Every structure is written in structure tokens, then in C-alpha cells.
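Residues in the sequence shown are numbered from 513 upward in steps of one, following our numbering.
Yeah, the Cβ is synthetic: ideal placement off N, Cα and C, and Gly gets one too.
None of these values were measured; they are calculated from a predicted model.
The structure appears right after this line, and notes come after that.
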Amino acid sequence: MNPVSLYPNAVDEMIFFQDNDIEKAEKLNTYNGLISQGKYSEAADYLKQHKELYGFSADYLNALENRIFRLQEYLLTKHKKTPCIYSENEPDAVSLNEGIIWI
């Protein structure tokens, strides 16, 4: 999984996520135990060794955070549009071309 977002230059790959079944409970308990002890690097390494485990890993959370950040960054660059204007005057040609609705 690529934790860096490519948006808006490209579409990010979909992140696959699923629940763990009961057969993986012991391994998941080991992973969660490392997290609860604050051994985050060891927990990440353990998760990488066991590809069959799914969880809210650092890579997963970083990918979400980066995608949200990139979307916010992109939206802040967009021109703000006023959907409608209340006015007693006639609209000018520029505002009519921009698609503003005059009421």
C-alpha cells in the first residue's frame, strides 16, 4: 500500500480491508499486545511478517491521513462560486457567463 496520495494528478489505488477470522485471533492478540505496550515499530514489523492479518496499521492510517490532506489541499485551491445572488438590479454579462442564478 502506498501511503502517499497521488490525488489530484491520479486516482489512488483502492485500499483493501477486511475483518480477521477467529483462526487469526492469537496472532492479532500478539499484534494488539505490542501496540498496547507502546512497541509500535515491533508491531508494524510483526504485521508485515503476517500478510494474512488485517488491522488499522500505521500504513493504513497514514494512507487515509495523506488522502484526506491532499483532498483538502486541492479543495482550497478551487475558486469559490456563489450559487445565487439576490439583487434588485439586472445581472451583467460576466455573471451570466459564470452560471450564477439571479433571484
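A check of alpha carbon separations from L565 across K536, E585, T589 identifies K536 as the nearest.
Assignment of L565 by DSSP, reduced to helix, strand and coil, places it in the coil class.
Contact annotation: the segment 536–547 touches the segment 555–565, with at least three C-beta pairs closer than 8 Å.
DSSP, read as helix, strand or coil, puts K560 in helix. A575 is a Cβ neighbour of P515, given a cutoff of 7 Å. Counting the other Cβ atoms within 10 Å of the Cβ of L559 gives 16 or more, which makes it buried. The closest CA to that of L573, considering only V523, S548, I527, is found on I527. Minimum Cα-Cα distance from A522 among the listed residues H591, R579, D533 corresponds to R579.
For the pair N532 and L587, the Cα-to-Cα distance works out to about 36 Å.
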